[in-house]
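Protein chains in written order, with the numbering used here: chain U, 15 to 322; chain G, 15 to 322. For each residue, glycine too, the CB sits at the ideal point set by N, CA and C.
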């Protein structure tokens with residue numbers, strides 16, 4: 015029989031990430047029972063059909079039992095309410111972590127809404143995901159070979175090590191940093207690329223109909239790389255831009271400057287500058303491939319049956 | 015014995031695309047002999063080691079035979095010189111086509127430099143490619159299920175049908191349009207996404223060292239999708255922006271406006287506008303997937319051994 019580390023785990027928000035965690039918890043025999051909370055009947059029904067959870071309910075209050083580990087996997091705008099519910103629900107020492115893409119706002123929400131010493135909260139961000147949303151797209155290997163950033167509220171909290179172990183067990187490598195630093199790095203590595211992807215796809219969708227249809231048709235020429243990101247969950251991203259406004263606006267300012275410089279070089283036929291810039295960016299790609307963080311892109315349609 | 019359609023085919027520029035065409039010509043028994051011209055000794059040596067060509071030489075003048083089909087696969091800045099060489103080299107009716115990413119400039123170069131009636135030129139653009147360059151990365155299936163745009167100089171030319179058949183034989187579906195229209199569509203579908211990818215990677219590479227290293231480390235969060243494009247051949251892209259300057263600047267203007275609108279919405283906490291924009295872009299992604307032009311992205315590293 016397996017030696018489970020947790021008896022009862024609760025996942026709040028059982029979409030793509032939540033359901034992937036649930037699958038990993040089961041597959042690696044980390045938790046004996048896996049419960050879920052989701053406000054959507056549709057999501058709960060899918061989880062039921064896919065046999066992802068021991069049981070799923072619409073509200074934390076619907077549970078009469080306590081949990082050993084609670085993972086918040088819902089949009090950032092729901093956190094404050096969730097922390098407030100946890101504050102009154104939790105009656106025994108309970109590890110609590112989350113997967114939110116911003117960390118300063120999460121800590122603020124926690125501090126504003128939770129004053130229960132039994133809630134042992136370690137803010138976390140597993141850097142993993144795909145552009146699909148919903149429990150039907152989750153898979154247990156999503157976290158393999160990816161990083162998880164922890165931004166502890168007090169670096170001396172002895173339960174940090176337990177949260178760290180949990181993430182490591184499902185395949186993640188842990189990095190620890192401040193919430194402020196996390197938000198700045200993620201602005202550049204995630205929030206800005208995503209915003210640009212949304213923006214260029216929006217530009218394309220506003221073109222005259224006949225050109226727009228052709229842009230879709232010939233998207234294999236490069237445009238499709240942006241549309242993958244732009245297929246992501248709108249609510250999740252709306253919340254991220256609200257919660258990480260300052261870092262996003264700062265990085266966006268830098269990007270706009272660099273784009274203007276390239277625009278000017280094109281206008282002035284400054285081919286030397288263009289060639290130099292285009293050569294320097296190759297190096298970054300090489301480093302990402304070397305680090306094993308590039309993923310695998312198949313330019314044909316032959317990989318279509320795989321999870322993607 | 016196979017019935018070859020062409021006896022002797024010449025590929026000028028045997029990099030990623032040229033070598034992929036050579037492989038397809040051989041694999042599908044389309045041409046009996048496949049010759050190459052490339053100014054790089056390194057490329058010719060690789061072709062020789064990989065047994066891609068019947069023979070490869072550094073200059074068109076090094077050939078004493080004539081050809082049935084010539085395909086230009088070199089950077090756009092070399093076209094004028096190539097057309098001029100072809101004008102004096104070609105002594106019998108010869109099909110000539112190309113793979114250039116802009117078409118107005120190609121037609122102008124042809125008209126300026128070639129006045130040989132035996133050169134039967136049909137400007138073409140197979141919309142296929144990956145971010146790697148060099149003959150070692152080519153593969154015969156690169157063109158499968160992709161579109162090839164032809165922009166004939168005279169729609170009545172009877173040899174258009176022969177060039178069309180050639181492209182179809184290696185797996186492409188043909189579309190015919192004017193060179194001007196091609197350049198506008200490709201600006202949006204290819205040249206702007208590529209420029210933005212270069213720009214954001216350049217922004218990241220100018221960050222303070224410690225943040226830059228982290229952006230690379232956590233690139234799986236979205237940034238990596240842009241770096242794939244930014245790994246592309248700098249010379250090829252430098253030439254594209256010179257040759258399609260006006261359409262690129264027009265589309266870039268539209269993109270910059272849309273990005274500013276999103277920036278303002280973030281600054282003003284206009285979450286409704288953000289959610290609406292992010293929802294509308296999902297539809298475009300769905301259409302691209304439906305058309306079978308999305309490629310396949312594997313978020314794990316497990317597909318690493320495949321061509322990518």
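To the nearest angstrom, report how far apart residue i and residue j are at their CA atoms.
{"i": "residue 33/G", "j": "residue 152/G", "result": "6 Å"}
{"i": "residue 196/G", "j": "residue 237/U", "result": "15 Å"}
{"i": "residue 84/U", "j": "residue 46/U", "result": "14 Å"}
{"i": "residue 222/G", "j": "residue 112/U", "result": "29 Å"}
{"i": "residue 281/U", "j": "residue 263/G", "result": "8 Å"}
{"i": "residue 20/G", "j": "residue 44/G", "result": "6 Å"}
{"i": "residue 121/U", "j": "residue 137/G", "result": "59 Å"}
{"i": "residue 320/U", "j": "residue 100/U", "result": "Caution is warranted here: a pLDDT of 37 is assigned to residue 320/U, below 50, making its placement in the model unreliable, and the coordinate value is therefore given only provisionally. Going by the C-alpha atoms only, they are around 38 Å apart."}
{"i": "residue 25/G", "j": "residue 92/G", "result": "14 Å"}
{"i": "residue 181/U", "j": "residue 296/G", "result": "31 Å"}
{"i": "residue 189/U", "j": "residue 163/U", "result": "5 Å"}
{"i": "residue 165/G", "j": "residue 116/G", "result": "10 Å"}
{"i": "residue 149/U", "j": "residue 62/U", "result": "10 Å"}
{"i": "residue 322/U", "j": "residue 309/G", "result": "Summary for residue 322/U: the model assigns pLDDT 32, below 50, so the residue's position carries little reliability; its value from the coordinates is reported in the next sentence. Distance between the alpha carbons of residue 322/U and residue 309/G: 10 Å."}
{"i": "residue 209/U", "j": "residue 60/U", "result": "30 Å"}
{"i": "residue 58/G", "j": "residue 179/U", "result": "53 Å"}
{"i": "residue 278/U", "j": "residue 284/U", "result": "8 Å"}
{"i": "residue 231/U", "j": "residue 202/G", "result": "12 Å"}
{"i": "residue 42/G", "j": "residue 176/G", "result": "16 Å"}
{"i": "residue 247/U", "j": "residue 145/U", "result": "7 Å"}
{"i": "residue 124/U", "j": "residue 70/U", "result": "24 Å"}
{"i": "residue 133/G", "j": "residue 106/G", "result": "8 Å"}
{"i": "residue 187/G", "j": "residue 142/G", "result": "11 Å"}
{"i": "residue 318/U", "j": "residue 299/G", "result": "Bear in mind that the predicted position of residue 318/U carries a pLDDT of just 40, short of 50, making it too unreliable to give a figure here."}
{"i": "residue 193/U", "j": "residue 86/G", "result": "53 Å"}
{"i": "residue 23/G", "j": "residue 169/G", "result": "24 Å"}
{"i": "residue 253/G", "j": "residue 172/G", "result": "31 Å"}
{"i": "residue 245/U", "j": "residue 18/G", "result": "45 Å"}
{"i": "residue 259/U", "j": "residue 268/G", "result": "24 Å"}
{"i": "residue 64/U", "j": "residue 270/U", "result": "45 Å"}
{"i": "residue 35/G", "j": "residue 214/U", "result": "32 Å"}
{"i": "residue 261/G", "j": "residue 243/G", "result": "20 Å"}
Please state whether the Cβ-Cβ distance between residue i and residue j is less than 8 Å.
{"i": "residue 184/G", "j": "residue 157/G", "result": "yes"}
{"i": "residue 140/G", "j": "residue 249/G", "result": "no"}
{"i": "residue 251/G", "j": "residue 292/U", "result": "yes"}
{"i": "residue 276/G", "j": "residue 206/G", "result": "no"}
{"i": "residue 30/U", "j": "residue 204/U", "result": "no"}
{"i": "residue 79/U", "j": "residue 98/U", "result": "no"}
{"i": "residue 68/U", "j": "residue 96/U", "result": "no"}
{"i": "residue 294/G", "j": "residue 211/U", "result": "no"}
{"i": "residue 229/U", "j": "residue 28/G", "result": "no"}
{"i": "residue 226/G", "j": "residue 235/G", "result": "no"}
{"i": "residue 119/U", "j": "residue 257/U", "result": "yes"}
{"i": "residue 130/G", "j": "residue 306/G", "result": "no"}
{"i": "residue 126/U", "j": "residue 94/U", "result": "yes"}
Return the Cβ separation of residue i and residue j in integer angstroms, given the expectation that the two are a contact with Cβ distance under 8 Å.
{"i": "residue 255/U", "j": "residue 288/G", "result": "6 Å"}
{"i": "residue 73/U", "j": "residue 104/U", "result": "Incorrect: roughly 15 Å between the Cβ atoms, too far for contact."}
{"i": "residue 302/U", "j": "residue 154/G", "result": "Incorrect: roughly 28 Å between the Cβ atoms, too far for contact."}
{"i": "residue 82/U", "j": "residue 109/U", "result": "7 Å"}
{"i": "residue 135/G", "j": "residue 174/G", "result": "Residue 135/G to residue 174/G, Cβ: 10 Å. No contact."}
Which chain U residues are close to residue i, counting only those with a beta carbon under 8 Å from its beta carbon?
{"i": "residue 26/G", "result": "Those do not exist, as residue 26/G stays about 21 Å from chain U at its closest Cβ, beyond 8 Å."}
Using a C-beta to C-beta distance shorter than 9 Å, which residues of chain U count as neighbours of residue i?
{"i": "residue 93/G", "result": "Those within 9 Å of residue 93/G in chain U number zero; the least Cβ separation is about 15 Å."}
{"i": "residue 307/G", "result": "230, 231, 232, 233, 234, 238, 315"}
{"i": "residue 96/G", "result": "Under the 9 Å cutoff, chain U gives no residues; its nearest Cβ is about 19 Å from residue 96/G."}
List, in chain order, every chain G residue whose beta-carbon is nearer than 8 Å to that of residue i.
{"i": "residue 229/U", "result": "199, 202, 203"}
{"i": "residue 225/U", "result": "198, 199, 202"}
{"i": "residue 215/U", "result": "295, 298, 299"}
{"i": "residue 219/U", "result": "294, 295, 297, 298"}
Using a cut-off of 7 Å between C-beta atoms, extract the partners of residue i located in chain U.
{"i": "residue 193/G", "result": "Within chain U, no residue comes near residue 193/G; the closest Cβ sits about 14 Å away, beyond 7 Å."}
{"i": "residue 302/G", "result": "230, 233, 238, 241"}
So if I threshold CB-CB distances at 7 Å, which residues from the stretch 271–298 of chain U count as touching chain G? Those would be 272, 273, 276, 277, 280, 281, 283, 285, 288, 289, 291, 292, 293, 294, 295, 296, 298, in chain order.
Between the stretch 240–269 of chain U and chain G, which residues of the former have CB atoms less than 7 Å from a CB of the latter, in chain order? The residues in question are 240, 241, 242, 243, 244, 245, 248, 249, 251, 252, 255, 256, 259, 262, 263, 266, 268, 269.
Residues of the stretch 199–212 of chain U with a CB closer than 9 Å to any CB of chain G: list them in chain order, please. 199, 200, 202, 203, 204, 205, 206, 207, 208, 209, 210, 211, 212
Report the residues of the stretch 148–167 of chain U with a CB closer than 8 Å to any CB of chain G, ordered along the chain. 155, 156, 158, 159, 160, 161, 163
Which residues, in order along the stretch 31–56 of chain U, keep a beta-carbon less than 8 Å from a beta-carbon of chain G? none
Please name the residues in the stretch 166–190 of chain U whose beta-carbon is closer than 7 Å to at least one beta-carbon of chain G, in chain order. none
Taking any Cβ of chain G, which residues in the stretch 127–143 of chain U have a Cβ under 7 Å from it, in chain order? 141, 142
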